[in-house]
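For reference, the structure discussed in these notes is given below.
There are 2 protein chains.
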Amino acid sequence: MASSTTKPSARERLLESANELFYREGVQSVGIDRVIEHAGVAKASLYNTFGSKEELVHAYLLGRQATTTARITAAIEARSTPRAQLLAVFDSQAESQRRPGFRGCAFAAASAESKPGGLVEQATQGYRTWLRELFVDLATLAGAHDPALLGRQLQLLYDGAASAGNLDHDPAAALSARAAAEALLDLSTGSDR
Amino acid sequence: MASSTTKPSARERLLESANELFYREGVQSVGIDRVIEHAGVAKASLYNTFGSKEELVHAYLLGRQATTTARITAAIEARSTPRAQLLAVFDSQAESQRRPGFRGCAFAAASAESKPGGLVEQATQGYRTWLRELFVDLATLAGAHDPALLGRQLQLLYDGAASAGNLDHDPAAALSARAAAEALLDLSTGSDR
DNA sequence: ACATGAACAGACAGGTCTGTCTACTCTTAC
DNA sequence: GTAAGAGTAGACAGACCTGTCTGTTCATGT
Chain A
3 MASSTTKPSA RERLLESANE LFYREGVQSV GIDRVIEHAG VAKASLYNTF GSKEELVHAY
63 LLGRQATTTA RITAAIEARS TPRAQLLAVF DSQAESQRRP GFRGCAFAAA SAESKPGGLV
123 EQATQGYRTW LRELFVDLAT LAGAHDPALL GRQLQLLYDG AASAGNLDHD PAAALSARAA
183 AEALLDLSTG SDR
Chain B
3 MASSTTKPSA RERLLESANE LFYREGVQSV GIDRVIEHAG VAKASLYNTF GSKEELVHAY
63 LLGRQATTTA RITAAIEARS TPRAQLLAVF DSQAESQRRP GFRGCAFAAA SAESKPGGLV
123 EQATQGYRTW LRELFVDLAT LAGAHDPALL GRQLQLLYDG AASAGNLDHD PAAALSARAA
183 AEALLDLSTG SDR
């Protein structure tokens, strides 16, 4: 019963501020000073805890991955058939996209702002590998004729919905993606026969 | 016969350098000094010609739009049937993606690095509006049952291929998108009947 | 009572960025 | 010859950024 009544630790407050500011305005645009000011934390605490800004950004992305993974996993487990589970990924995306403050994929944004070869690219690869394998696994379970191809195409739809939903400020992008995913899935499983 | 033998003007050299450096490393990461050094141009010439960095970035994006528009339009005009024309957009994307130095959509990257409400967002909106109308028009000509929906879904595939092709360094992303587009198109036109 | 460790406030160094400014050079037209 | 316009080189100001460092406060365990 330490973390329930006590105020959050410096690390937790830093991560929460980083999540808010980095996602809203970009990891490059937001400086260290703004993060620590928003978190109410001394600069020395940040550098004692994380060592560098890049590692703070890395921790921010890992946190994003954890919440996204949990959200999608929960949506999948709430469905019973593979087909419904596959579409649930897009339902989860649509719900995330409807929330105020949606600004697209945090990994795509951070990658666009960061040099290749750093921790950002590393975290992005980890996240995308997980997502891709998820789609391929679901496509396999759903009985797709070519699970690798269908999984890839589903990820393209997912990426496109994230990108377009952000650039066009269109909260319905994920719904169009879901409809396309449904059509591709039906084609690939031959469910119209 | 002025521009054939004479060396390019400061404006042209600046735009060419901006196109190369901004696209490769990002509009925020590359400073003014690097652009003028690469162009072999004095800093005063840049500010006399463009007025600010933001306007240079804007001009760079307009140049990107012009070349992309020309490339896609040429690919379309080389085909005769609406169906082939629609798929030619993805062929053109695949060819662009195979070229060395491909780094995804310049507008998406620049948007991720820029504050909303500026010239970058404005240029991005213009480009995306053109692309979207192109897809909807081609879907209409191809006889789609719901051209607005199909056009949107094709754009999602296009965006996803650009994003995934960049983040995963996968030059075949546009080919998977093309195959998905073909399937959606056939479904939407009822060509299997 | 007191030591210890975590967090605080904030000054500071060293670097980078945009944008301005001065002074010089070159070409071309008349 | 010379005036005008375009371009060049580079110093400079002012702001901002990351990361380091000093000194202080405060809760907790012994």
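These protein sequence lines map, in sequence, to chains A and B.
At the far end of the first sequence sits residue 195, using the numbering used here, and the numbering has no gaps.
At the far end of the second sequence sits residue 195, using the numbering used here, and the numbering has no gaps.
Where a beta carbon is used, it is the ideal one built from N, C-alpha and C, also for glycine.
No experiment lies behind these values; they were computed from the predicted model shown.
7 Å Cβ shell around Y62 of chain A - same chain, five flanking residues per side excluded: Taking the first residue of the first sequence as position 1, residue 62 of chain A is located at position 60. Same-chain partners within the cutoff: L17, A20, N21, F24.
- Query: List, in order along the chain, the chain B residues whose C-beta lies closer than 8 Å to that of V110 of chain A?
  - Reply: One-based indexing of the first sequence puts residue 110 of chain A at position 108. Just to set this straight, residue 110 of chain A is Ala in the shown sequence, not Val. Under the 8 Å cutoff, chain B gives A110, A114, S165, L169.
* **Beta-carbon spacing of A200 of chain B, S165 of chain A below 8 Å** => Any answer about residue 200 of chain B is impossible in this case: the structure gives chain B only from 3 up to 195.
Requested in this report: From the DSSP output, in three-state form, read off H40 of chain B for me.
Outcome: As a working mapping, residue 40 of chain B is identified with position 38 in the second sequence. H40 of chain B falls in the helix class under three-state DSSP.
Chain B residues whose Cβ lies nearer than 8 Å to that of G28 of chain A: To locate residue 28 of chain A, count along the first sequence from 1; it is residue 26. Ordered by position in chain B, the residues that pass the 8 Å Cβ test against G28 of chain A are A114, E115.
My understanding is that L156 of chain B touches P84 of chain B, with C-beta atoms under 8 Å, so please give their C-beta distance in whole angstroms.
Within the second sequence, the letter at position 154 stands for residue 156 of chain B. Within the second sequence, the letter at position 82 stands for residue 84 of chain B. No, L156 of chain B and P84 of chain B are not in contact; Cβ-Cβ is about 13 Å, not under 8 Å.
| message | So with CB distances below 8 Å, who are the chain B contacts of Q124 of chain A? | response | Counting from one through the first sequence, the residue named residue 124 of chain A turns up at place 122. Here the premise fails: no neighbours, minimum Cβ distance about 12 Å.
Legend entry - Inter-residue spacing [alpha-carbon to alpha-carbon] between I34 of chain B and G42 of chain B: As a first step, residue 34 of chain B must be located in the second sequence, where it is residue number 32. As a first step, residue 42 of chain B must be located in the second sequence, where it is residue number 40. Separation of I34 of chain B and G42 of chain B (C-alpha to C-alpha, rounded to the nearest whole angstrom) is 12 Å.
task = Rank A:D161, A:A80, A:A125, A:G153 by C-alpha distance to the C-alpha of G65 of chain A and give the top, closest one.
result = The residue given as residue 65 of chain A occupies position 63 in the first sequence. Residue A:A125 holds the alpha-carbon nearest to the alpha-carbon of G65 of chain A among A:D161, A:A80, A:A125, A:G153.
_Using a 10 Å radius around the Cβ and a threshold of 16 neighbouring Cβ atoms, would you call T70 of chain B buried or exposed?_
Position 68 of the second sequence, counted from the first residue, corresponds to residue 70 of chain B. Buried, because 16 or more other Cβ atoms sit within 10 Å of the Cβ of T70 of chain B.
How long is the line joining the alpha carbons of C107 of chain A and I38 of chain B, rounded to whole angstroms? What you label residue 107 of chain A is simply residue 105 of the first sequence in a count that begins at 1. What you label residue 38 of chain B is simply residue 36 of the second sequence in a count that begins at 1. Roughly 33 Å separates the two Cα atoms.
Quiz item: Pick from A:A80, A:L48, A:L121: whose alpha carbon is nearest that of A12 of chain A?
Solution: Sequence index remark: in the first sequence, residue 12 of chain A carries index 10 (1-based). Comparing Cα positions, the closest option is A:L48.
Among B:V32, B:H171, B:T51, whose alpha-carbon lies nearest the alpha-carbon of E14 of chain B? Taking the second sequence and counting its residues from 1, the one referred to as residue 14 of chain B is at position 12. Out of B:V32, B:H171, B:T51, B:T51 has the C-alpha closest to the C-alpha of E14 of chain B.
- prompt: With burial defined as no fewer than 16 other Cβ atoms inside 10 Å of the residue's Cβ, what is the status of A72 of chain A: buried or exposed?
  reply: As a first step, residue 72 of chain A must be located in the first sequence, where it is residue number 70. Looking at its Cβ environment, which holds fewer than 16 other Cβ atoms inside 10 Å, A72 of chain A is exposed.
- Query: In whole angstroms, what is the alpha-carbon distance linking R154 of chain A and A44 of chain B?
  - Reply: Here residue 154 of chain A refers to the residue found at position 152 of the first sequence. Here residue 44 of chain B refers to the residue found at position 42 of the second sequence. If I take the Cα positions, the gap works out to 47 Å.
| request: Identify the contact partners of L143 of chain A in chain B, using a Cβ-Cβ distance below 9 Å as the criterion. | output: Translated into positions along the first sequence, residue 143 of chain A becomes position 141. From the beta-carbon of L143 of chain A, no residue of chain B is found nearer than 9 Å; the closest lies around 20 Å away.
Compare the Cα-Cα distances from A80 of chain A to each of A:S94, A:Q67, A:A68 and report the closest residue.
Position 78 of the first sequence holds residue 80 of chain A. Measuring C-alpha to C-alpha distances from A80 of chain A to each of A:S94, A:Q67, A:A68 identifies A:S94 as the nearest.
Verify the CB distance criterion: does E18 of chain B have a CB-CB separation below 8 Å to chain A? On the second sequence, residue 18 of chain B is found 16 positions in, with the first residue counted as 1. False, the Cβ-Cβ gap to chain A never drops below 8 Å.
Using a Cβ-Cβ cut-off of less than 8 Å, give me the residues of the region 170-181 of chain B that come near chain A, in sequence order.
-> For the region 170-181 of chain B, the residues whose beta carbon sits under 8 Å from a beta carbon of chain A are, in order, D170, A175, S178, A179, A181.
Here's the rule I'm using: 16 or more other beta-carbon atoms within 10 Å means buried, otherwise exposed. How should G148 of chain B be labelled?
Here residue 148 of chain B corresponds to residue number 146 of the second sequence, with the count starting at 1. The sequence given here has Asp at residue 148 of chain B, not Gly. A residue is called buried once 16 or more other Cβ atoms fall within 10 Å of its Cβ, and D148 of chain B, having fewer, is exposed.
Can you say whether E97 of chain B is buried or exposed, counting buried as having 16 or more other CB atoms within 10 angstroms of its CB?
Here the question's residue 97 of chain B lines up with position 95 in the second sequence. It is exposed - the Cβ of E97 of chain B has fewer than 16 other Cβ atoms within 10 Å.
Leaving out five residues before and five after E115 of chain B in sequence, what residues of the same chain have Cβ atoms less than 7 Å from its Cβ?
Position 113 of the second sequence, counting from 1, holds the residue named residue 115 of chain B. For E115 of chain B, where only same-chain residues beyond five positions count, the Cβ hits under 7 Å are G28, V29, Q30.
Q. Thinking C-alpha only, which one of A:R36, A:F137, A:N168, A:S113 is nearest N168 of chain B?
A. Here residue 168 of chain B is taken as the residue at index 166 of the second sequence, counted from 1. Looking at the Cα atoms, A:S113 is the closest of the given residues.
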